[in-house]
């Protein structure tokens, strides 16, 4: 078979420009699968063989429908904000109002509250009572500390007495042993 | 929608009430008697900020003493001013009073005509967070409650500076 290489070159160029007809492409496939491939075209052989082999692959009839279904499914699966956040601004406003009320309550609530006082100003009465409280606690803790110290002293004395007796006992035993040995 | 708002309000109030909750048993006892005839009471929040202003000469010593104390409450009953029934009721209540979970008795001393009971509460880190003292002598019963991060040693040693602080 005589091959017109100049025509093949033109066809190849047109093929890559996507200008070839189906017949012309068939011609090209036949050429590249024949034994008459020009050396300068051999580099294109694998490509055309591959294209020829995969020529049968076609899009199925319901390809469009499948794609649309897939896209819809993806949309359905996309992250949705929980319902509770739909009215986020309302909750934020409610929270701000409540915090505001809380702050007003906290600021307005007096640091000193006094009852049963008719002689001094509230502050003076609170001051006096607080200092008295400190005094009472301090005295009680101090007195308890003294008690504990006394107990400790007593314990130490008892230990000393026991220790003395222990040495006395040892001395007595020592004497008996000496007597026996004589 | 309404349910969600209700939940939000509920959570908010739980948060607020837990922030301000100290110890219900002690608070309840003091509140019950604070306004009764023969009783006087004092409640001071953040005394380290309030009290030093009242004795400017000793403000630093006061600040140091009160540092860490979040709240002080004192309830005092004057037996001569309270009615006999109230006197008996309060005395009984105080004698059998349990300050609540977490408190342990630090000391209890009974002498002729007087008594002192002291309870403390410690945090998980062994810091003393509450000190409750109930003392009775002669004509009065006093209940003192300190809340905060308390330094018992400092409180005990306060005796040395108190004469300066008492006006």
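Chains as they are written, first to last, in our numbering: chain A, 7 to 188; chain B, 1471 to 1637.
Virtual Cβ for every residue (Gly too), placed ideally from N, Cα, C.
Note that this is a predicted model, so its numbers are computed, not measured.
Would you call the CB atoms of residue 1632 of chain B and residue 1620 of chain B closer than 7 Å?
no
Tell me whether residue 1628 of chain B sits in a helix, a strand or coil according to DSSP, three-state version.
helix
Using Cβ-Cβ distances below 9 Å, what residues of the stretch 1599 to 1614 of chain B are close to chain A?
Here the close residues are 1601, 1603, 1605, 1612 and 1614.
Pull up the DSSP beta-bridge partners for residue 1584 of chain B, would you.
The beta-bridge partner set that DSSP reports for residue 1584 of chain B consists of B:1581 and B:1607.
From what residue to what residue does the beta strand (DSSP E) around residue 121 of chain A run?
118 to 121
Counting only the same chain and skipping the five closest in sequence on each side, list residues whose C-beta sits under 7 Å from that of residue 1548 of chain B.
1508, 1609 and 1610
I need the boundaries of the alpha helix (DSSP H) containing residue 1519 of chain B, first residue and last residue.
Residue 1519 of chain B -> alpha helix (DSSP H) spans 1517 to 1520.
Taking the Cβ atom as the reference point for each residue, do residue 133 of chain A and residue 1521 of chain B lie within a distance shorter than 7 Å?
yes
Is the Cβ of residue 1547 of chain B closer than 7 Å to any Cβ of chain A?
no
For residue 133 of chain A, which residues in chain C fall below 8 Å Cβ to Cβ?
This model lacks chain C altogether; the protein chains it does include are A and B.
Count the other CB atoms, across all protein chains shown, that sit within 10 Å of the CB of residue 91 of chain A; report buried if there are 16 or more and exposed otherwise.
exposed
Count the other C-beta atoms from every protein chain shown that fall within 10 angstroms of the C-beta of residue 44 of chain A, then say buried if there are 16 or more, exposed otherwise.
exposed
Once DSSP output is grouped into helix, strand and coil, what is the label at residue 125 of chain A?
Three-state result, residue 125 of chain A: coil.
Please determine, among B:1539, B:1505 and B:1512, the residue with the shortest C-alpha to C-alpha distance to residue 1519 of chain B.
B:1539
What's the C-alpha gap between residue 1607 of chain B and residue 1584 of chain B?
4 Å
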